[in-house]
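Presented below is the structure to which this report refers.
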Amino acid sequence: MATFLVICQGIGLAAACGMRPFLPALLAGGLAGADRAVDFDGTPYAFLERPLFLLGVVVVLVVVTVAERRRRRPAVDAGTLTAALAGIAIGLGALEFAGSLADEGHPAWPGLLGGLASAALAQAAARNFFARVAARLDEEARSALPVYLEMASLALAAAALLLPPLSLVGVATLAVLLVRGRRRDDRKYAGLRVLR
218 MATFLVICQG IGLAAACGMR PFLPALLAGG LAGADRAVDF DGTPYAFLER PLFLLGVVVV
278 LVVVTVAERR RRRPAVDAGT LTAALAGIAI GLGALEFAGS LADEGHPAWP GLLGGLASAA
338 LAQAAARNFF ARVAARLDEE ARSALPVYLE MASLALAAAA LLLPPLSLVG VATLAVLLVR
398 GRRRDDRKYA GLRVLR
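In this note's numbering, the protein residues as written are 218 to 413.
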C-alpha cells in the first residue's frame, strides 16, 4: 500500500478511536485477523488482532455501557468515567496508527505521535459537539448519544480501512466542528462577561 494511503488509514483509525475506541478497535482487529485491509501480524502490534485483546475490548465496552446506563449520563460529561475513556481512546488511537505503519514496514513511532494527535483532536471535537447536543436534549434522548457516537466512530473506522483518503474528510469535519464549537462557546462566555 502506498505510504499516503497508510498514513490516511492510520489517521482515520486513530480519529475513530478518539471518538469512541471500542467498535473501531474491534473492526480493525477483526479485519486484521482475516488479513483484510490491514494485518498486524509480524509487527510489535500483532496483539491488536489477537482474540484475547479483542475480548478485552468487548468486556470494557460492556462495562462502560453499563456504567453509562447507571449514571444516566453519556460519557461526554466531565467525570472519572469520561477521563478514563478519553485516555483509553487516545492511547488506542496511537496504537492503531502505529500498527498501520508497522504493517507496511514503516517506522511506527511517527504513528504513535500522529495517532495521539489525531485521537486527541477527535476526542475534543466529539466531546464538545456531543456535550452541546446533550445540553439541548431531555434525559431519554440524551441516553442514546453513546450509540450515535459509537456509530460515527465505526463509520470513520470503516472509511479509513476501506477507502483511506476519506479519513482526511472525516478528520477535517471533526476539526471544523471543534473550531465552530469553541467559537460558539467563546461568544456565549463573552456575552456573559459583558453583562457583568
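We treat Cβ as the ideally placed atom computed from N, Cα and C, and that holds for glycine.
Beta carbon of residue i, beta carbon of residue j: below 8 Å?
i, j, result
"ALA242", "GLU356", "no"
"ALA325", "GLY235", "no"
"LEU329", "ALA315", "yes"
"VAL280", "PHE239", "no"
"GLY246", "LEU271", "yes"
I believe residue i touches residue j by the beta-carbon criterion, under 8 Å. Please report the beta-carbon distance rounded to the nearest angstrom.
i, j, result
"GLY387", "GLY229", "6 Å"
"LEU371", "GLY227", "At roughly 17 Å, the Cβ-Cβ gap does not stay under 8 Å, so LEU371 and GLY227 are not in contact."
"ALA339", "LEU391", "5 Å"
"ILE307", "LEU269", "At roughly 22 Å, the Cβ-Cβ gap does not stay under 8 Å, so ILE307 and LEU269 are not in contact."
"ALA249", "VAL255", "5 Å"
From the DSSP output, in three-state form, read off residue i for me.
i, result
"GLY322", "coil"
"ALA251", "coil"
"LEU244", "helix"
"PHE270", "helix"
"ALA361", "coil"
"ALA219", "coil"
"LEU354", "coil"
"LEU380", "coil"
Could you pull out every residue in the same chain whose Cβ sits closer than 8 Å to the Cβ of residue i, ignoring the five residues on either side in sequence?
i, result
"THR220", "GLU321 and HIS323"
"ALA303", "GLN340 and ARG344"
Who are the Cβ neighbours of residue i in its own chain at under 6 Å, not counting the five residues just before and after it?
i, result
"GLY331", "PHE314"
Stretch-stretch touch, CB-based, cutoff 8 Å, three pairs: the region 377-384 with the region 337-354: By the criterion of at least three beta-carbon pairs nearer than 8 Å, the region 377-384 is not in contact with the region 337-354.
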